[in-house]
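Scroll down for the structure; my scribbles are underneath it.
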Amino acid sequence: MYKKLLTLCLLHTDTHILLGRKKRGVGVGKWNGFGGKVEQGEKIEDAGRREVLEEAGIHLPDIEKTGIIHFEFEGSPEIWEVHIFRAKEFLGDPTESEEMEPKWFAIDEIPFEYMWQDDKFWVPLFLKGVKFKGKFSFDSENRLVSGGVEEVIELED
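All residue numbers for the sequence shown refer to the UniProt record's numbering, where the first residue is 1 and numbers rise by one.
Next up, the structure:
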């Protein structure tokens, strides 16, 4: 097993969250945050900002790391280590890209039924503003098999 380093950024106001519908690749059709692979030599925070710019056309002046989740997929030698960031401010207007279709959702209308199954466990902690760590396992058809998430005081890389 080897680790793949990834980012996930969610834009969050007091009443809404910006998600993107994945148009290609892993998770196509699902609503998710914006993110992807950290390139060699790139800082994790810089990768998060770059991915949001590429996928939604917006700049994030300030992001805060709120979580780290490890994902395992049956049959894959990779463990995904996903660093989750919150942004409350951004520059520009969210714009559709080849990979993502951005849309604002009211907090009480988040489409969990059209998201990854683990999201219903950690997104509420994200919305509360607490830090968290988790681990989830999926089968070969991307169905949640096991896992969980817990609040933590500090996040270590």
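Cβ coordinates follow ideal geometry from the N, Cα and C atoms, glycine included.
Would you mind sorting residue i into buried or exposed? The rule is 16 or more other CB atoms within 10 Å of its CB.
i       : result
Met-1   : exposed
Thr-126 : Correcting the residue type first, residue 126 is Phe in the shown sequence and not Thr. It counts as buried.
Ile-84  : buried
Asn-142 : exposed
Gly-24  : The amino acid at residue 24 is misidentified as Gly; the sequence shows Arg. Exposed is the call here.
Phe-90  : buried
Pro-77  : exposed
Phe-71  : buried
Val-145 : exposed
Gly-27  : exposed
Comparing the CB of residue i with every heavy atom of the ligand SAM, is any distance shorter than 8 Å?
i      : result
Glu-51 : Judged by which ligands are present, the structure shown has none, so any question about the ligand SAM falls away.
Would you mind giving the Cβ-Cβ distance between residue i and residue j, rounded to the nearest angstrom? I have them listed as a contact below 8 Å.
i       : j       : result
Val-149 : Lys-131 : Going by Cβ atoms, the distance from Val-149 to Lys-131 rounds to 11 Å, so no, they are not a contact pair.
Gly-36  : Glu-51  : 5 Å
Ile-79  : Lys-3   : 5 Å
Ala-106 : Leu-11  : In fact, because the Cβ distance is near 14 Å, the residues do not count as touching under 8 Å.
Identify whether residue i lies in helix, strand or coil by the three-state DSSP scheme.
i       : result
Leu-144 : strand
Glu-154 : coil
- Task: Run through the UniProt domain "Nudix hydrolase" (2-131) for me and flag every whole beta strand (DSSP E) of 3 or more residues, listed as ranges in chain order.
- Result: Listed in chain order, the beta strand (DSSP E) runs fully inside the UniProt domain "Nudix hydrolase" (2-131) are 2-12, 16-22, 64-73, 78-87, 100-106, counting runs of at least 3 residues.
- Just checking, does the segment 36-55 make contact with the segment 111-123 on the three C-beta pairs under 8 Å criterion? Verdict: no, contact absent.
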